[in-house]
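>
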Amino acid sequence: MRIGIIGGGSIGLLFASKLAAVGAEVTIWTRTEEQAFVIAAEGIRLWDAEGGEHTIVAGGEWLSRERLAKMEAGRLERADWYLLALKQTDLSKETAELIAELIRRTPDRPPLLCIQNGTGHLGKLTAASAGDFSIYNAVTSSGAKREDMRSVRHTGQGSLFLARTPERSQGERRAERSEDDFRQKMLLNFLNRAGFDASLSNDIHNRVFQKLLINAVINPLTALYDMRNGELPAHPARRSLMKALHDETKPVLLAAGMKEWPDSWESVLGVCERTSCNVSSMLADVRAGKGTEIDSINGEIARMAAARGLSAPLNESMLRLVEALGKR
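Per the working numbering, residue 8 is the first one in the sequence shown, and the count goes up by one each step.
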């Protein structure tokens, strides 16, 4: 099975190394030529969840309009899937169009599986695809930390749920859908062999909303307090702020279509406990001086609220406060 993984960050390196370790032919499409060369020459260094160190062979390519322009039509090797592991902050309209062009140039136009936080990516990718290939959405709870451009640490085992987005068009051929179903089974087989506990979901939108609720509470507060997930609820004042942010966010997501979730607060606390030693991706970005996904998480909640006549002042405050961290 051949898989192209778009994005050389923590999740991209994790999925690439784990899938390659069980026999998939993996190529990582990175933002920079340097990272692509290092991965192709030295492989991916993976520290697994038990602490073992492995070097995994993978291919490296870099994604740019100039690079694609130099590739002759049909030069790209066949791929059975592309997995998109970019952060929302890195997925501009132009990048979405570049990804669509990459897939169009690949024989048989394989499907694209999106592994992102938030909800903003699907609109950009659907518009860029123009119905030329299938798009799948995924939600994962696996944790990873990138140590350098070729090294990743698996910080938490988790599950993965995926589902195909709505039909590309009313006139989609049955043969295309049948081919997608075959590829889907093949991908699930490899993901499970790689240890990702993957399955299909007929409720993917609800799972996206649930993860958004958890991220909207944990990520900004760990970034603001500069602490690991498990430390966050340990102090009564911080726990109270978490609860207030949860209680503001949940009605917004329910109004947007999330199903009733009676134990949502307990689930937030459970994530903090299970990932107690983890540094959230938002805190990692702040520490590294990078842009965060705050606008795609709490900013998106605030926009959802405004569109439905609701208020979300805490989410708006999280947005402004975390954005201000990058201006120190």
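We treat Cβ as the ideally placed atom computed from N, Cα and C, and that holds for glycine.
With DSSP run on the structure shown, which of helix, strand or coil describes Gly237?
Along the sequence shown, read from residue 1 onward, the residue named residue 237 stands at position 230. Helix, per DSSP.
> Going by DSSP, name the residue or residues bridged to Arg160.
Mapped onto the sequence shown, residue 160 falls at position 153. Bridge partners of Arg160: Trp54, Lys152.
> Have a look at Ser271 and Ala295 and give me their C-alpha separation to the nearest angstrom.
By one-based count along the sequence shown, residue 271 stands at place 264. By one-based count along the sequence shown, residue 295 stands at place 288. Approximately 31 Å between the Cα atoms of the pair.
> Taking the continuous beta strand (DSSP E) assigned at His2, which residues delimit it?
No statement about residue 2 is possible, as the shown extent of the chain runs from 8 to 335 and does not include it.
> Where in the region 95-150 do unbroken runs of the alpha helix (DSSP H), each at least 4 residues long, occur, reported from the N-terminal end onward?
Entirely contained in the region 95-150, the alpha helix (DSSP H) runs reaching 4 residues are, in chain order, 100-112, 128-136.
> Are three or more beta carbon pairs between the region 129-142 and the region 93-111 nearer than 8 Å?
Yes, since at least three Cβ pairs between the region 129-142 and the region 93-111 fall closer than 8 Å, the two stretches touch.
> Just to confirm the assignment, what range does the alpha helix (DSSP H) spanning Thr256 have?
For this step, residue 256 is matched to residue 249 along the sequence shown. 243-263 is the span of the alpha helix (DSSP H), which, as asked, contains Thr256.
> Need the endpoints of the beta strand (DSSP E) that Gly11 sits in, please.
As a working mapping, residue 11 is identified with position 4 in the sequence shown. Unbroken beta strand (DSSP E) run through Gly11: 9-13.
> By Cβ distance below 8 Å, which residues in the same chain neighbour Val224 in space, the five residues on each side in sequence not counted?
Looking up residue 224 in the sequence shown gives position 217. Excluding residues within five positions, the ones whose Cβ falls inside 8 Å are Met249, Leu252, His253, Thr256, Val275.
> Keeping to the same chain, check which residues put their C-beta closer than 6 Å to that of Arg112; ignore five residues upstream and five downstream.
Position 105 of the sequence shown holds residue 112. Excluding sequence neighbours, Arg112 sits near Leu83.
> Looking at Glu108: is its Cβ nearer than 8 Å to the Cβ of Leu75?
Against the sequence shown, residue 108 aligns to sequence position 101. Against the sequence shown, residue 75 aligns to sequence position 68. Their beta carbons are under 8 Å apart, which means Glu108 touches Leu75 by this criterion.
> Output yes or no for whether 8 Å exceeds the beta carbon distance between Arg200 and Ser17.
The count along the sequence shown starts at 1 and reaches residue 200 at position 193. The count along the sequence shown starts at 1 and reaches residue 17 at position 10. No, the pair does not count as a contact, with Cβ atoms beyond the cut-off.
> Using C-beta distances below 6 Å, list every residue in its chain close to Ser158, excluding the 5 sequence neighbours before and after it, in chain order.
Numbered from its first residue, the sequence shown carries residue 158 at position 151. So the qualifying residues of the chain are Arg52.
> Quick one: grab the DSSP three-state call for His212.
On the sequence shown, position 205 is the one that residue 212 refers to. Here His212 sits in helix by DSSP.
> Taking its Cβ as the centre, do 16 or more other Cβ atoms sit within 10 Å of Gly150, making it buried, or is it exposed?
Position 143 of the sequence shown, counting from 1, holds the residue named residue 150. The residue is buried, with at least 16 neighbouring Cβ atoms inside 10 Å.
> State the Cα-Cα distance for the pair Phe22 and Ile122, rounded to the nearest angstrom.
Counting from 1 along the sequence shown, the entry for residue 22 is found at position 15. Counting from 1 along the sequence shown, the entry for residue 122 is found at position 115. Straight-line Cα distance between these residues: approximately 10 Å.
> Nearest to Gly240 by alpha carbon, out of Ile308, Arg281, Arg310?
Here residue 240 is taken as the residue at index 233 of the sequence shown, counted from 1. The sequence given here has Pro at residue 240, not Gly. Ranking Ile308, Arg281, Arg310 by Cα distance to Pro240 puts Arg281 first.
> Under three-state DSSP, which class holds Glu68?
Within the sequence shown, the letter at position 61 stands for residue 68. DSSP places Glu68 in strand when its eight states are reduced to three.
> At which residues does the alpha helix (DSSP H) containing Val45 begin and terminate?
For the purposes of this step, residue 45 is identified with residue 38 of the sequence shown, where counting begins at 1. That run of the alpha helix (DSSP H) goes 40-49.
> When DSSP labels each residue in this structure, what does Trp268 get in the three-state scheme?
Numbered from its first residue, the sequence shown carries residue 268 at position 261. Coil, per DSSP.
> Take Thr299 as the anchor and find which of Leu332, Leu321, Ser283 has the nearest alpha-carbon.
In the sequence shown, residue 299 corresponds to position 292, counting from 1. Nearest option by C-alpha distance: Leu332.
> If I follow the unbroken beta strand (DSSP E) through Leu91, where does it start and stop?
Residue numbering aside, residue 91 sits at position 84 when the sequence shown is read from its first letter. Counting along the chain, the beta strand (DSSP E) containing Leu91 begins and ends at 88-91.
> Can Trp36 and Gly11 be called in contact, C-beta distance under 8 Å?
Locating residue 36 in the sequence shown gives position 29, counting from the first residue. Locating residue 11 in the sequence shown gives position 4, counting from the first residue. It is a contact, given that the beta carbons lie within the stated cut-off.
> Give me the Cβ distance between Leu70 and Leu91, rounded to the nearest whole Å; I'm assuming they're in contact under 8 Å.
Working through the sequence shown from its first residue, we reach residue 70 at position 63. Working through the sequence shown from its first residue, we reach residue 91 at position 84. Between Leu91 and Leu70 the Cβ distance is about 11 Å, and since that is not below 8 Å, they are no contact.
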